[in-house]
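The block underneath contains the structure these notes are about, expressed in structure tokens.
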Amino acid sequence: MSSTADVAIKAAGGASVRNYLKTLTLAHDTLGAATEIVVKDGAAVIWRGKLQTAAVDSSQAASLEFDPPLKGTANTALNVALLTSTTGGVFVNATGFTGS
Numbered sequence: 001m002s003s004t005a006d007v008a009i010k011a012a013g014g015a016s017v018r019n020y021l022k023t024l025t026l027a028h029d030t031l032g033a034a035t036e037i038v039v040k041d042g043a044a045v046i047w048r049g050k051l052q053t054a055a056v057d058s059s060q061a062a063s064l065e066f067d068p069p070l071k072g073t074a075n076t077a078l079n080v081a082l083l084t085s086t087t088g089g090v091f092v093n094a095t096g097f098t099g100s
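The sequence shown begins at 1 in full-length UniProt numbering and counts up by one.
Rendered as structure tokens:
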């Protein structure tokens, strides 16, 4: 991703089903400008991190563990987005689970 558009990492699970985010792994190409990446519960930001311009390949990727997991609202997607559009790609992997 390289824009401010939301990218779903887990679709809404249905009535009374919540998404939980346990880990997030971030890597990126050389970026045209430093930016921030956010995790959203629908449209609400629930986590924010800074990305610098120097490339971070998969062998150096930042792996974040949320303990306790980030808890989404029932029947709401978990999304990621950049706060400013930039050149270069940002790559996100996420793990988690669903529950009530």
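Even for Gly, the Cβ is constructed at its ideal location relative to N, Cα and C.
Among the options, nearest to residue i - alpha-carbon criterion
| i | options | result |
| --- | --- | --- |
| Glu65 | Asn93, Asp29, Val17, Thr76 | Asn93 |
| Lys71 | Thr98, Gly49, Asp29, Leu51 | Thr98 |
| Lys50 | Asn79, Asp6, Ala33 | Ala33 |
| Asp29 | Ala8, Gly89, Gly96 | Gly89 |
| Met1 | Thr95, Ser100, Thr87, Gly96 | Thr87 |
In DSSP terms, what residue i is bridged to
| i | result |
| --- | --- |
| Leu31 | In DSSP, Leu31 forms no bridge with anything. |
| Leu55 | Leu is not the amino acid found at residue 55; the sequence shown has Ala there. Paired residues: none, contrary to the question. |
| Ala94 | Leu24 |
| Val7 | Val80 |
Rounded separation between residue i and residue j - CA only
| i | j | result |
| --- | --- | --- |
| Ala27 | Thr73 | 27 Å |
Nonlocal neighbours in the same chain, by C-beta distance under 6 Å from residue i, ignoring five residues either side
| i | result |
| --- | --- |
| Thr84 | Thr35 |
heavy atom of the ligand SAH below 7 Å from residue i C-beta
| i | result |
| --- | --- |
| Val56 | The model depicted lacks the ligand SAH and carries no ligand whatsoever. |
For this session: Examine the Cβ distances between the stretch 72-89 and the stretch 7-27 and report whether three or more of them are shorter than 8 Å.
Result: The answer is yes - the stretch 7-27 touches the stretch 72-89, with three or more Cβ pairs under 8 Å.
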